[in-house]
Amino acid sequence: MRFLKSKRFWLIILTLIIIGVLIYFIFFKKDIIENGAIPSNGQGEEKKDKTEPASQIKLPFSNSWHSEAFILSVLDEDLESKIDNNSCEIKVVTYDNEEEYSTGWIKRKCNYDLSISVGKRELCGFEGKQACWVFIRSKDNANNWHSPSLENKSIAYFNIDWTKPLISKVFTANSQQEQIYPINVEENNTYNFKTKVSDNFKVTGCNLYINNQDQGMMSSSGSCGKGCILEKEFTPVETGFYRVYAACKDAAGNISKSETINAKTNLAPEITSCRVSPVEGNINTEFNFFVEVSNPDDDILSFNWNIDDNEISNTKNPSHYFTSPGTYKPQVIVSDDQGASDSCATAWVSVQN
Ligand SMILES: [Ca+2]
Ligand SMILES: [Ca+2]
Ligand SMILES: [Ca+2]
2 MRFLKSKRFW LIILTLIIIG VLIYFIFFKK DIIENGAIPS NGQGEEKKDK TEPASQIKLP
62 FSNSWHSEAF ILSVLDEDLE SKIDNNSCEI KVVTYDNEEE YSTGWIKRKC NYDLSISVGK
122 RELCGFEGKQ ACWVFIRSKD NANNWHSPSL ENKSIAYFNI DWTKPLISKV FTANSQQEQI
182 YPINVEENNT YNFKTKVSDN FKVTGCNLYI NNQDQGMMSS SGSCGKGCIL EKEFTPVETG
242 FYRVYAACKD AAGNISKSET INAKTNLAPE ITSCRVSPVE GNINTEFNFF VEVSNPDDDI
302 LSFNWNIDDN EISNTKNPSH YFTSPGTYKP QVIVSDDQGA SDSCATAWVS VQN
């Protein structure tokens, strides 16, 4: 009992307790960690995030064509230690032939859509295939940087084209140079309306418009590429004027419209009156012939007077002396330059001795 009350006894007890606690921390605590009660990387240290975050350009797709500013839709994500919201960056590189222009890394808001401007002195400042490259990156809270790559979609390249296609006036002749305007057509005949188109990069198609009505896609033999002649059949069914143009688009969606031309069905000249004055006389009498004609489409008209003594006159209102007596039956034919005509017979002329 005296021993129990001695200082030495309590000193021994205290020492044993300290040794016990040390053994617990050195051996048993380690077992608890390894058995999974506390997350571990297998080496007895707390697990650390070593995976880079994801940064991705969702839209638009690489290799798409752009003629004007577009929205870049992005995603930044890290499932472990989360994205460091102050770390997100973008870089735009544009190419003018071989020359490269870069914005350098610029801060951007993580997970936030961006507008990429297109045009001279804009972010995408040059035209061309793969002329504009966009890079994005971000960092997670464990200091892992995303390294941009095409494969991970953190790099995307875009084709830039803001120049509209060039289009000729619509024609039906062999070439536009040979075409005479307005184009003359006949009802119920079928015509190939053609247009010659070219683009600095790629023509995707043309539509034919008649009286502002879309007649549908024009076609070419083979693919059009940078330029071709496209055509579409059209059959006029009514008499009159047709206002015709083509509208063409390039790969970047630039649209141009050709000059509007007229196609028309021919309207025949119509003689409203024809006469001769006087209707009687002799070989010394000057007979005057007159014709009145309407020319609804302002064609060039030709006149053919058959005065019936083997003489033909091509003037509109000829004068004539008959050389022998007799009864004559003058007649006039008026034709337009499309071949339509009208005829008229005057009163008979009586020529005495
Ligand atoms: Ca991570
Ligand atoms: Ca173009
Ligand atoms: Ca006519």
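Each residue of the sequence shown is one higher than the one before, counting from 2 in the working numbering. All C-beta atoms in this analysis are idealised placements derived from N, C-alpha and C, irrespective of residue type, glycine included.
**OP:** Take residue 348 and list the residues in its own chain whose beta-carbon comes closer than 8 angstroms to its own, dropping the five residues that flank it on each side.
**Re:** If we look at residue 348 and ignore the five residues flanking it on each side, its Cβ neighbours are 276, 277 and 280.
**OP:** Report the rounded CA-to-CA distance for residue 10 versus residue 25, giving the unit in angstroms.
**Re:** The alpha-carbon atoms of residue 10 and residue 25 are separated by roughly 23 angstroms.
Subject >> Touching by the beta-carbon criterion (3+ pairs, under 8 angstroms), the region 238-252 and the region 154-168 >> reply: Flag = yes, the region 238-252 and the region 154-168 touch.
**OP:** Count the other C-beta atoms from every protein chain shown that fall within 10 angstroms of the C-beta of residue 265, then say buried if there are 16 or more, exposed otherwise.
**Re:** Buried, by the Cβ-count rule.
Original post:
In terms of residue numbering, what span does the alpha helix (DSSP H) encompassing residue 10 cover?
Top reply: Here the alpha helix (DSSP H) through residue 10 covers 8-24.
**OP:** State yes or no: is the C-beta of residue 99 nearer than 8 angstroms to some heavy atom of ligand 1?
**Re:** Not under cutoff, so the answer is no.
Original post:
First and last residue of the beta strand (DSSP E) that includes residue 115?
Top reply: Under the DSSP assignment, residue 115 falls in the beta strand (DSSP E) whose first and last residues are 115-117.
Subject >> Test item: CB-CB of residue 61 and residue 78 under 9 angstroms >> reply: The Cβ atoms of residue 61 and residue 78 do not sit closer than 9 angstroms to each other.
Subject >> Integer-rounded CB distance, given that residue 204 should sit under 8 angstroms from residue 227 >> reply: Between residue 204 and residue 227 the Cβ distance is about 7 angstroms, and since that is below 8 angstroms, they are a contact.
Subject >> Cα-Cα separation, residue 355 to residue 142 >> reply: What the structure shows of the chain is the stretch from 2 to 354, and residue 355 is not part of that stretch, so it cannot be assessed.
Subject >> Inter-residue Cα distance where the pair is residue 174 and residue 247 >> reply: For residue 174 and residue 247, the distance between alpha carbons rounds to 16 angstroms.
Original post:
Of all the beta strand (DSSP E) runs that stay within the bounds of the region 103-164, which reach a length of 3 or more residues?
Top reply: Taking only runs of at least 3 residues, the beta strand (DSSP E) segments lying wholly in the region 103-164 are 115-117, 129-138 and 156-161.
Subject >> Distance between beta carbons of residue 231 and residue 224, contact taken as under 8 angstroms >> reply: The Cβ separation is near 11 angstroms, so there is no contact.
**OP:** For residue 209, count neighbouring C-beta atoms within 10 Å of its own C-beta (all shown protein chains included) and say buried if the count is 16 or more, exposed if not.
**Re:** Residue 209 should be labelled buried.
Original post:
Does DSSP put residue 306 in a helix, in a strand, or in coil?
Top reply: Three-state DSSP puts residue 306 in a strand.
Original post:
Between which two residues does the beta strand (DSSP E) carrying residue 258 extend?
Top reply: Residue 258 -> beta strand (DSSP E) spans 256-258.
**OP:** Could I get the ranges of all uninterrupted alpha helix (DSSP H) runs contained in the region 186-241, with 4 residues as the minimum, in chain order?
**Re:** Secondary structure within the region 186-241: not one fully enclosed alpha helix (DSSP H) run of 4 or more consecutive residues is present.
Original post:
Can you give the beta carbon distance from residue 330 to residue 292, rounded, assuming they're within the 8 angstroms contact cut?
Top reply: Not a contact, Cβ separation roughly 15 angstroms.
Original post:
Of all the alpha helix (DSSP H) runs that stay within the bounds of the region 246-292, which reach a length of 4 or more residues?
Top reply: As far as the region 246-292 is concerned, it has no whole alpha helix (DSSP H) run of at least 4 residues.
**OP:** Give me whichever residues DSSP pairs with residue 349 in a beta bridge.
**Re:** Residue 349 pairs with nothing; no bridge assigned.
Original post:
If you draw a straight line from the alpha carbon of residue 155 to that of residue 135, how long is it in whole angstroms?
Top reply: Using only the alpha carbons, I get a separation of about 8 angstroms.
Original post:
With respect to 8 angstroms, is the separation between the Cβ of residue 160 and the closest non-hydrogen atom of ligand 2 below this value?
Top reply: No.
Original post:
What number of angstroms, rounded off, separates the C-alpha of residue 290 from the C-alpha of residue 319?
Top reply: Cα to Cα, residue 290 sits roughly 5 angstroms from residue 319.
**OP:** Report yes if the C-beta distance between residue 107 and residue 92 is below 9 angstroms; otherwise report no.
**Re:** Closer than 9 angstroms, so yes.
Original post:
Cα separation between residue 101 and residue 261?
Top reply: Residue 101 and residue 261: Cα-Cα distance of roughly 42 angstroms.
Original post:
Can you list, in chain order, the residues of its chain whose CB lies under 6 angstroms from that of residue 126, leaving out five sequence neighbours each side?
Top reply: Sequence-distant partners of residue 126 (beyond 5 residues in either direction) whose C-beta falls short of 6 angstroms from its own C-beta, in its chain, are 95.
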